[in-house]
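Notes for the one structure printed next.
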Amino acid sequence: MSFESLGLSHNIIRSVNKLGYLKPFPIQEQAVPVILQGKDLMGIAQTGSGKTACFVMPILEKLQNSEVKKDRNVQVLILVPTRELAIQIDEVFRAFTENLKREIRTMAVYGGVSINPQMKGMFGVEVLIATPGRLLDLIDHNALSISGIQHLVIDEADKMFQLGFGEEMNKLFAMMPVVKQTTLFSATLNDKVSEMKERLSINPVIIEIKKEEVEIDNIEQLAYHVSPENKGPFLRYLIKEKKVEKALIFVSSTRSADNLVEKLKKNKIKAVAIHSQKSQGARRNNLEEFKVNGAQILVATDLIGRGIHIESLPCVINYELPRSPLDYIHRIGRTGRANEKGTAISILTDDELQHFRVIQKKMGKKVTLQRTEGIDLHGY
Numbered sequence: 002m003s004f005e006s007l008g009l010s011h012n013i014i015r016s017v018n019k020l021g022y023l024k025p026f027p028i029q030e031q032a033v034p035v036i037l038q039g040k041d042l043m044g045i046a047q048t049g050s051g052k053t054a055c056f057v058m059p060i061l062e063k064l065q066n067s068e069v070k071k072d073r074n075v076q077v078l079i080l081v082p083t084r085e086l087a088i089q090i091d092e093v094f095r096a097f098t099e100n101l102k103r104e105i106r107t108m109a110v111y112g113g114v115s116i117n118p119q120m121k122g123m124f125g126v127e128v129l130i131a132t133p134g135r136l137l138d139l140i141d142h143n144a145l146s147i148s149g150i151q152h153l154v155i156d157e158a159d160k161m162f163q164l165g166f167g168e169e170m171n172k173l174f175a176m177m178p179v180v181k182q183t184t185l186f187s188a189t190l191n192d193k194v195s196e197m198k199e200r201l202s203i204n205p206v207i208i209e210i211k212k213e214e215v216e217i218d219n220i221e222q223l224a225y226h227v228s229p230e231n232k233g234p235f236l237r238y239l240i241k242e243k244k245v246e247k248a249l250i251f252v253s254s255t256r257s258a259d260n261l262v263e264k265l266k267k268n269k270i271k272a273v274a275i276h277s278q279k280s281q282g283a284r285r286n287n288l289e290e291f292k293v294n295g296a297q298i299l300v301a302t303d304l305i306g307r308g309i310h311i312e313s314l315p316c317v318i319n320y321e322l323p324r325s326p327l328d329y330i331h332r333i334g335r336t337g338r339a340n341e342k343g344t345a346i347s348i349l350t351d352d353e354l355q356h357f358r359v360i361q362k363k364m365g366k367k368v369t370l371q372r373t374e375g376i377d378l379h380g381y
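Everything in the sequence shown is counted per this note's numbering, starting at 2 for the first residue and increasing by one.
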């Protein structure tokens, strides 16, 4: 199945092509037509299954054909449990908006930062990605209204309850119109998620995607424990002392990608980056630079990295861990293909150790953590 067959317009397809996606993920094949038809949806899928684009593409498809609204009435609300997910979804929206008929304003709001810039930037926002607590704060400050939203998306619904957002969500639901399109995604369909589905949805289409299996037997997995200040120096040590000839390095954000490339270049390591904030031409040139013209390191985010194909890649490095175990498996599965041997390296600080344990448990494979205190990183 192709993206064209999902009912998406040429403008969205151009964005899909620029981002390097070759064909829809299974969840996208099933969910996108349903959302385009205006039906309610309950999707049961793991993080890393491609579900974000499931709602991003049809939402933008509809909005690009609507009139610009310059007020504080949000049309599309996406509720998420964490700041990191809010930022990630906002990045996906921005990556897809490059070729639309008109500019569509999106914004991610979350706690832990000053509320004032978020209040000032709210006017004219059409798609709001928000954590429940900060959204309630903004509503209390009269920064926006959700009384007229047309489409509600709740991502990682089960995690919302795990983190104790049930009360906040009930307050928000009471402020929303009864008639609206609702899209829910959850890794599991437990009792609380089922109750939410019954409360918010009208005859929802239910789609469940089974876990995807990725072959990792040919991949040697290594993990190193470092202090935060030694993360960069240790990476450069690995590349130089272990004579890493080619490596794909994954980071969690576009800013991290650019910063890492800059530091590698300062240390005379030829590196390039591909991410959603770079033009299609720049991404194509940088990928070609890595594949053919001698760039030693390619730094990528999950959004863009998932869409590229590199033959005979010897090494993948997790400079920053992905959010989900499935994303981790997709990352390291870039190496060790076609019966070739590959190496996957994770560089971990204290803050990442517990998450790495979760990844190992989900993967069903233990990776021995190697300490680095005795390594002299002076000069790296």
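Here a beta-carbon is modelled for each residue, glycine too, at the ideal position from N, C-alpha and C.
M43 places its beta carbon less than 9 Å from that of L190.
In the assembly as shown, R284 is a buried residue. Its beta-carbon has 16 or more other beta-carbons within 10 Å. The shortest CA-to-CA distance from P118 to any of K102, H142, E242 is the one to H142. Closest in alpha carbon position to V35, among V206, T53, K19, is V206. DSSP places F251 in the strand class (E or B) of the three-state scheme.
For Q281, the secondary structure class from DSSP, reduced to helix, strand or coil, is helix.
In this model, R73 and S146 are separated by some 6 Å (Cα to Cα). Put simply, the backbone Cα of G334 is about 6 Å away from that of I217. In the structure shown, I90 falls within a helical segment according to DSSP collapsed to helix, strand and coil. Unbroken beta strand (DSSP E) stretches of 3 residues or longer found wholly inside the stretch 318-367: 343-349, given in chain order. Looking at the backbone, the Cα of V33 and that of L7 are separated by about 7 Å. By the Cβ-count criterion, A339 is exposed, with fewer than 16 other Cβ atoms from all chains shown falling within 10 Å of its own Cβ. DSSP places I275 in no alpha helix (DSSP H) but in the uninterrupted beta strand (DSSP E) bounded by 272-275. With 16 or more other CB atoms across the displayed protein chains lying within 10 angstroms of its CB, G51 is buried. At the C-beta level, L129 and T107 come within 9 Å of one another. Taking a 10 Å sphere around the C-beta of S148, we find fewer than 16 other C-beta atoms and assign the residue as exposed.
Our two residues, P323 and N204, have alpha carbons roughly 34 Å apart in a direct line. Looking at the backbone, the Cα of I45 and that of Q361 are separated by about 22 Å.
Scanning the stretch 182-236 from its first residue to its last, the whole beta strand (DSSP E) runs of 3-plus residues come out as 182-187, 206-209, 220-226. Rounded to the nearest angstrom, the gap between the Cα atoms of Q163 and P82 is 9 Å. For the pair V77 and H152, the CB atoms are nearer than the 9 Å cut-off. In the structure shown, the three-state DSSP call for V17 is helix. Shown here for V359: same chain residues with a beta carbon closer than 7 Å to its own, the five before and five after excluded, namely P326 in chain order.
Looking only at S3, E85, Y238, V245, the smallest Cα-Cα distance to I376 is reached by Y238.
Here DSSP, grouped into helix, strand and coil, assigns A131 to strand. Minimum Cα-Cα distance from E157 among the listed residues N286, Q47, A224, A272 corresponds to Q47. For A175, the enclosing alpha helix (DSSP H) begins and ends at 167-176.
For the pair of segments examined, the stretch 311-323 was found not to touch the stretch 180-196: the number of CB pairs separated by less than 8 Å stays below three.
In the three-state scheme derived from DSSP, where H, G and I count as helix and E and B as strand, S257 is classed as helix.
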